[in-house]
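This report refers to the structure that appears directly beneath it.
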Amino acid sequence: MIDLIECISEIILDIQEFFFRKKRKKQRAYEKENSFPKKRMISPYERVFIIVGVMIVFITFFMLIPSSKGTTITTQKIKELKELLDNEKSILGTYPEKLEMVIRNNPLRANLTKDYWNNNFQYEFINRNKYVLSSSGKDGVFGTEDDIK
Numbered sequence: 000m001i002d003l004i005e006c007i008s009e010i011i012l013d014i015q016e017f018f019f020r021k022k023r024k025k026q027r028a029y030e031k032e033n034s035f036p037k038k039r040m041i042s043p044y045e046r047v048f049i050i051v052g053v054m055i056v057f058i059t060f061f062m063l064i065p066s067s068k069g070t071t072i073t074t075q076k077i078k079e080l081k082e083l084l085d086n087e088k089s090i091l092g093t094y095p096e097k098l099e100m101v102i103r104n105n106p107l108r109a110n111l112t113k114d115y116w117n118n119n120f121q122y123e124f125i126n127r128n129k130y131v132l133s134s135s136g137k138d139g140v141f142g143t144e145d146d147i148k
């Protein structure tokens, strides 16, 4: 199947190259006749190489640059959870003992206790006025440098 597609694309490229050479021949005759400088014309094969080159550059660019999307989304979730926890404290006078108590079976908040990488947030209730909320980060292990607090 791939051989067939390759053969058809090669034939199409050859036909385009034929018409390109014909057009270039007319263009060169016109330029010579009117004493114009030669115009730069890009052949179909050159266009293919340019397109493939640009695609390779973009693909390597996006593959080599690490994505910070997960960190950004997780940080936003932590901020939202902190707001909910502070709201809970202002209403009840204390922070909840478990993070799931903030969700209260609300379907809109169902996945709020998980970070971008689908790991649960670590919530430590220290006392009535203090807690620690963190994400294990991309590696899924707490206590490493990629943790998000």
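Numbering of the sequence shown is given in numbering that gives the first Met the number 0, commencing with residue 0 and proceeding in unit increments.
Ideal Cβ positions, reconstructed from N, Cα and C, are used throughout, including at glycine.
Note that the structure is a prediction, hence the values are computed from the model and not measured.
Proximity of residue i and residue j at Cβ, strictly below 8 Å
i	j	result
residue 47	residue 12	yes
residue 80	residue 107	no
residue 118	residue 142	no
residue 134	residue 120	yes
residue 43	residue 19	yes
residue 55	residue 132	no
residue 4	residue 74	no
Buried/exposed call for residue i, threshold 16 Cβ in 10 Å
i	result
residue 94	buried
residue 59	exposed
residue 154	Only positions 0 to 148 of the chain appear in this structure, which leaves residue 154 out of reach.
residue 98	buried
Supposed contact pair residue j and residue i - C-beta distance, whole angstroms, cut 8 Å
i	j	result
residue 130	residue 84	7 Å
Residue i (DSSP reduced to helix, strand or coil)
i	result
residue 10	helix
residue 140	coil
residue 115	coil
residue 124	strand
residue 130	strand
residue 72	helix
residue 77	helix
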